[in-house]
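Enquirer: Those sequence lines, one after another, are chains A and B. Here the working numbering runs 68 ahead of the position in the first sequence, where the first position is 1. Here the working numbering runs 29 ahead of the position in the second sequence, where the first position is 1. Questions regarding the structure given below will be posed in turn.
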Amino acid sequence: MKQAFKAHADALSRLAAVALIFAILILISPSFGTITNILNVLRISSLTLMIATGIAMCMLVGGIDLSVGATIALTSILFGRYFQIGHSALEMVMGMAGILALSAAIGASNGLCVAYLKLPPFLATYGVQQIARGLAYLLTEGLVYSNFTEEFKFIGGGYALGVPTPILFAAALLIAIGLMLNKTTLGRRIYAVGSNREAARYSGINVKGTLLTAYTLSGLTAGIAGIVYTSRLNCAEPTIGAEFAQQAIAAAAIGGISFKGGHGNVFGVIIGAVILTLITNGMTLLGIDSNWQVGVTGVIIILSVLIDRNTAKKKV
Amino acid sequence: MKKLLAVLVVAMLVVVSAAAVAEEYEVTLILKDNTSAGWRYLAAAAIATGEEIGVKVTENSPLETQNADEQYNAVLDAIEKEVDAICIAPVDSAGIVPAIEKAVEAGIPVFTTNTRAFVNNPEDIVTFVGVGNEQGGYDIAKYMFGLFPEGQEINLIIMDGNRAGQTTLDRIAGIERAIAEDSRVKLLDSQEAKFSRAQAQETMESFLVKYSDIDLVIALNDEMAIGCYNAIVAAGRVDEMLISGFDGAPEGLQAVLDGQISATLNQSLPGQGSEVIKAVKTYLDGGELEDWIRVGGEVCTPENAAEFLGRLVK
Numbered sequence: 069m070k071q072a073f074k075a076h077a078d079a080l081s082r083l084a085a086v087a088l089i090f091a092i093l094i095l096i097s098p099s100f101g102t103i104t105n106i107l108n109v110l111r112i113s114s115l116t117l118m119i120a121t122g123i124a125m126c127m128l129v130g131g132i133d134l135s136v137g138a139t140i141a142l143t144s145i146l147f148g149r150y151f152q153i154g155h156s157a158l159e160m161v162m163g164m165a166g167i168l169a170l171s172a173a174i175g176a177s178n179g180l181c182v183a184y185l186k187l188p189p190f191l192a193t194y195g196v197q198q199i200a201r202g203l204a205y206l207l208t209e210g211l212v213y214s215n216f217t218e219e220f221k222f223i224g225g226g227y228a229l230g231v232p233t234p235i236l237f238a239a240a241l242l243i244a245i246g247l248m249l250n251k252t253t254l255g256r257r258i259y260a261v262g263s264n265r266e267a268a269r270y271s272g273i274n275v276k277g278t279l280l281t282a283y284t285l286s287g288l289t290a291g292i293a294g295i296v297y298t299s300r301l302n303c304a305e306p307t308i309g310a311e312f313a314q315q316a317i318a319a320a321a322i323g324g325i326s327f328k329g330g331h332g333n334v335f336g337v338i339i340g341a342v343i344l345t346l347i348t349n350g351m352t353l354l355g356i357d358s359n360w361q362v363g364v365t366g367v368i369i370i371l372s373v374l375i376d377r378n379t380a381k382k383k384v
Numbered sequence: 030m031k032k033l034l035a036v037l038v039v040a041m042l043v044v045v046s047a048a049a050v051a052e053e054y055e056v057t058l059i060l061k062d063n064t065s066a067g068w069r070y071l072a073a074a075a076i077a078t079g080e081e082i083g084v085k086v087t088e089n090s091p092l093e094t095q096n097a098d099e100q101y102n103a104v105l106d107a108i109e110k111e112v113d114a115i116c117i118a119p120v121d122s123a124g125i126v127p128a129i130e131k132a133v134e135a136g137i138p139v140f141t142t143n144t145r146a147f148v149n150n151p152e153d154i155v156t157f158v159g160v161g162n163e164q165g166g167y168d169i170a171k172y173m174f175g176l177f178p179e180g181q182e183i184n185l186i187i188m189d190g191n192r193a194g195q196t197t198l199d200r201i202a203g204i205e206r207a208i209a210e211d212s213r214v215k216l217l218d219s220q221e222a223k224f225s226r227a228q229a230q231e232t233m234e235s236f237l238v239k240y241s242d243i244d245l246v247i248a249l250n251d252e253m254a255i256g257c258y259n260a261i262v263a264a265g266r267v268d269e270m271l272i273s274g275f276d277g278a279p280e281g282l283q284a285v286l287d288g289q290i291s292a293t294l295n296q297s298l299p300g301q302g303s304e305v306i307k308a309v310k311t312y313l314d315g316g317e318l319e320d321w322i323r324v325g326g327e328v329c330t331p332e333n334a335a336e337f338l339g340r341l342v343k
């Protein structure tokens with residue numbers, strides 16, 4: 069029992085942090101504890117969660133993906149421009165599949181740059197981000213795209229079994245990727261490559277292929293997030309997502325995914341995403357100016373990375 | 030040989046007269062971004078009017094919305110190019126002033142449209158073309174308050190814009206003036222959502238949780254009003270409150286016609302575009318101008334929204 073507790077001390081301490089923040093907020097603002105608000109917080113954090121799940125894979129292989137926000141913007145504009153009302157359900161599904169394939173391709177291009185061209189992940193994904201964002205702006209042509217079918221709006225704005233749909237999508241995505249990382253050989257390879265790339269190579273692991281896969285999956289999750297987000301906003305905008313990459317990286321870091329690679333459980337990302345949203349949501353409920361919220365979030369990120377580093381030291 | 034000479038002379042005359050006619054004024058137009066729809070209407074009208082009256086309008090707006098730095102650089106670029114005039118809708122009414130002063134020093138007249146600049150010397154701006162934002166804020170707030178019965182408390186949320194810009198400050202001043210005149214109104218909360226639909230939607234979601242009784246949401250532009258509407262619909266509280274926007278952009282007018290929002294204020298964005306270019310021509314030709322050329326200012330309601338929309342969508 070004691071051993072199990074020690075092993076999961078990391079996760080438990082994070083859960084404790086969430087519970088503490090939650091308790092403080094309920095004390096300050098009673099309306100915080102209602103089911104409506106909890107679902108609200110989960111729904112807003114589900115977007116960060118989806119993107120963070122993808123970025124977590126890049127971080128686990130010792131890299132990073134800054135292009136997710138731009139991928140979301142491009143996905144949003146492509147769908148908004150070409151699949152408004154007037155298309156059959158089949159056309160829209162095929163369109164979505166095509167757009168998701170494109171977002172995976174953007175991820176793959178990141179992977180190619182990192183794995184085969186050996187570019188630093190920060191720079192490679194930054195460059196791809198600029199290209200994707202530029203394409204999104206070009207395709208917008210200054211128009212607003214917001215004429216979507218009710219079925220599409222359901223993806224981001226509906227309820228199933230009383231739970232908002234974005235939460236369900238995020239949960240499904242997290243479970244799928246969590247299972248992949250913890251139960252499949254691909255998952256083991258990702259951890260191995262992240263922990264020690266040379267050792268992984270000597271033990272016969274296809275390092276380049278693993279890197280490519282991780283980045284491709286990150287792009288794909290960004291595409292999924294983009295479709296859900298476009299549905300929720302009921303509008304396609306080229307400017308969205310500028311801060312998504314930072315938020316997702318913060319969520320992953322707070323959730324225990326190490327920047328060095330090879331360490332961290334992707335399920336911890338839920339904690340990170342929820343903590344970030346609790347802070348923003350909590351500050352709005354407390355009436356704190358939105359301009360302050362940005363700064364406070366930054367402080368939380370630094371604190372959690374410091375705590376993470378100290379916990380890691382103690383373990384060794 | 031004679032024929033060839035005649036043809037050459039005629040050709041030269043045509044070229045010379047074409048060059049003389051082609052001598053048009055060059056103007057740089059700097060808006061708050063070059064992607065969102067609202068500014069497109071202004072830019073399109075400016076360019077079209079320019080074509081009609083012999084003013085070559087080149088737009089150099091920032092890619093990223095509300096980017097004051099890029100606007101600053103755009104003004105410096107225009108000074109380098111030695112254009113005949115600069116027309117700008119400043120993101121940061123105070124921050125842009127040094128750039129404007131540089132332009133004036135270089136002998137380039139500066140015109141503002143949509144949003145004023147807080148210049149130290151009023152002579153630095155030739156004229157401002159736009160709606161009276163303070164009056165507009167007041168008018169739309171009064172209209173919305175008028176939709177509620179006497180004696181009923183009006184719980185109000187304001188979805189604020191960007192307080193670096195004069196438009197936001199003026200609209201808030203107008204709304205506050207209307208609030209002061211009406212004892213029914215109780216201001217619950219306000220937050221800056223930077224004129225963004227997405228940010229307004231998320232902020233409204235939090236407000237919907239915090240406040241169980243909201244009667245009215247006044248948003249400082251149509252995009253934010255629609256974002257608030259999305260949030261309210263998702264929360265299932267659309268019958269509880271009314272929403273108003275500002276701008277009179279096609280999306281806003283359509284939202285009024287669809288019953289999603291109750292009113293918006295016509296900024297006449299195309300009007301701003303064409304009037305500012307006409308003002309440039311008048312000034313450069315030596316004419317006199319007023320300090321403020323007013324456009325728009327009408328409250329657009331379900332009764333007249335179709336008419337305003339018709340004017341925009343040509």
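Glycine included, each C-beta is placed from N, C-alpha and C at the ideal position. If you're wondering where the values come from, they're calculated on a predicted model, not measured in any experiment.
(1) Taking only the alpha-carbon atoms, compute the straight-line gap between residue 195 (chain A) and residue 184 (chain B) and give it to the nearest angstrom.
(2) I want to verify the contact list: residues of chain A whose CB lies under 9 Å from the CB of residue 113 (chain B), in sequence order.
(3) CA-CA distance, residue 265 (chain A) and residue 337 (chain A)?
(4) Taking 8 Å as the threshold (beta carbon to beta carbon), is residue 216 (chain B) in contact with chain A?
(5) Quick one, which of A:101, A:116, A:149 has its alpha-carbon nearest residue 292 (chain A)'s?
(6) Please classify residue 362 (chain A) as buried or exposed, where buried requires at least 16 other C-beta atoms within 10 Å of its C-beta.
(7) Does DSSP put residue 139 (chain A) in a helix, in a strand, or in coil?
(8) Give the straight-line distance between the Cα atoms of residue 131 (chain A) and residue 284 (chain A), rounded to the nearest whole angstrom.
(9) What is the DSSP secondary structure of residue 62 (chain B), counted as helix, strand or coil?
(10) Using a beta-carbon distance below 8 Å, is residue 281 (chain A) in contact with chain B?
(11) Can residue 329 (chain B) and residue 294 (chain B) be called in contact, C-beta distance under 8 Å?
(12) Is there at least one Cβ from chain B nearer than 8 Å to residue 385 (chain A)'s Cβ?
(13) In whole angstroms, what separates the C-alpha of residue 234 (chain A) from that of residue 224 (chain A)?
(14) Is the Cβ-Cβ distance between residue 241 (chain A) and residue 118 (chain A) less than 8 Å?
(15) For residue 181 (chain A), return the contacting residues in chain B, with the cut-off set at a CB-CB distance below 7 Å.
(16) Counting pairs of beta carbons, one from the region 179 to 193 of chain A and one from the region 327 to 342 of chain A, are three or more of them closer than 8 Å?
(17) Please report how far the alpha carbon of residue 335 (chain B) lies from the alpha carbon of residue 106 (chain A), in whole angstroms.
(18) Using beta carbons (cut-off 8 Å, strictly below), is residue 384 (chain A) in contact with chain B?
(19) Within 10 angstroms of its Cβ, does residue 242 (chain B) collect 16 or more other Cβ (buried), or is it exposed?
(20) Residue ranges of each alpha helix (DSSP H) run of no fewer than 4 residues wholly in the region 114 to 173 of chain B, ordered along the chain?
(21) Counting only beta-carbon atoms, is residue 49 (chain B) nearer than 8 Å to chain A?
(22) In the DSSP output, which residue or residues are listed as bridge partners for residue 232 (chain A)?
(23) Pick out whichever of B:70, B:105, B:259 has its Cα sitting closest to the Cα of residue 214 (chain A).
(24) Between residue 159 (chain A) and chain B, is there a C-beta pair that is closer than 8 Å?
(25) Run through chain A and tell me which residues come within less than 9 Å of residue 259 (chain B), C-beta to C-beta.
(26) Counting only runs of 3+ residues fully inside the region 172 to 258 of chain B, write out the beta strand (DSSP E) ranges in chain order.
(27) Kindly list the residues whose CB is nearer than 7 Å to the CB of residue 221 (chain A), restricted to its own chain and excluding five residues on each side of it in sequence; keep chain order.
(28) Can we say the region 50 to 64 of chain B touches the region 76 to 93 of chain B, given the rule of at least three CB pairs closer than 8 Å?
(29) Identify the continuous alpha helix (DSSP H) that holds residue 339 (chain A) and give its terminal residues.
(30) With 8 Å as the threshold, decide whether the Cβ of residue 270 (chain A) is near any Cβ in chain B.
(31) Could you tell me which of B:168, B:255, B:68 sits nearest to residue 327 (chain B), measuring between CA atoms?
(32) Can you list, in chain order, the residues of its chain with a C-beta nearer than 8 Å to that of residue 384 (chain A)? Leave out the 5 residues immediately preceding and following it.
(33) Among B:245, B:263, B:93, B:32, which one has its Cα closest to the Cα of residue 202 (chain A)?
(34) For residue 338 (chain B), which residues from the same chain have a beta carbon less than 8 Å from its beta carbon, with the 5 sequence-adjacent residues on both sides left out?
(35) Kindly indicate which residue of B:272, B:175, B:252, B:310 has the alpha-carbon position closest to the one of residue 66 (chain B).
(36) Tell me which same chain residues have a C-beta within less than 7 Å of the C-beta of residue 219 (chain A), skipping the five on either side of it?
Expert: So, to answer that:
(1) 48 Å
(2) None at all; the shortest Cβ gap to chain A is about 26 Å.
(3) 24 Å
(4) no
(5) A:116
(6) exposed
(7) helix
(8) 13 Å
(9) coil
(10) no
(11) yes
(12) With chain A represented from 69 up to 384, any question about residue 385 (chain A) goes unanswered, as that position is not in the structure.
(13) 5 Å
(14) yes
(15) Per Cβ cutoff of 7 Å: no residues; residue 181 (chain A) is ~24 Å from chain B at best.
(16) no
(17) 41 Å
(18) In this prediction, residue 384 (chain A) has a pLDDT of 45, which is less than 50 and means its spatial position is unreliable; what the coordinates show is noted afterwards. Closer than 8 Å: no.
(19) exposed
(20) 126 to 134
(21) Its pLDDT being 49, under 50, residue 49 (chain B) is placed unreliably by the model, and nothing is read from it.
(22) A:227
(23) B:259
(24) no
(25) 225, 300, 301, 302, 303
(26) 183 to 189, 214 to 221, 245 to 248
(27) 299, 302
(28) yes
(29) 336 to 353
(30) no
(31) B:168
(32) Caution is warranted here: a pLDDT of 45 is assigned to residue 384 (chain A), below 50, making its placement in the model unreliable, and no coordinate value can be reported.
(33) B:93
(34) 279, 282, 283, 286
(35) B:252
(36) 157
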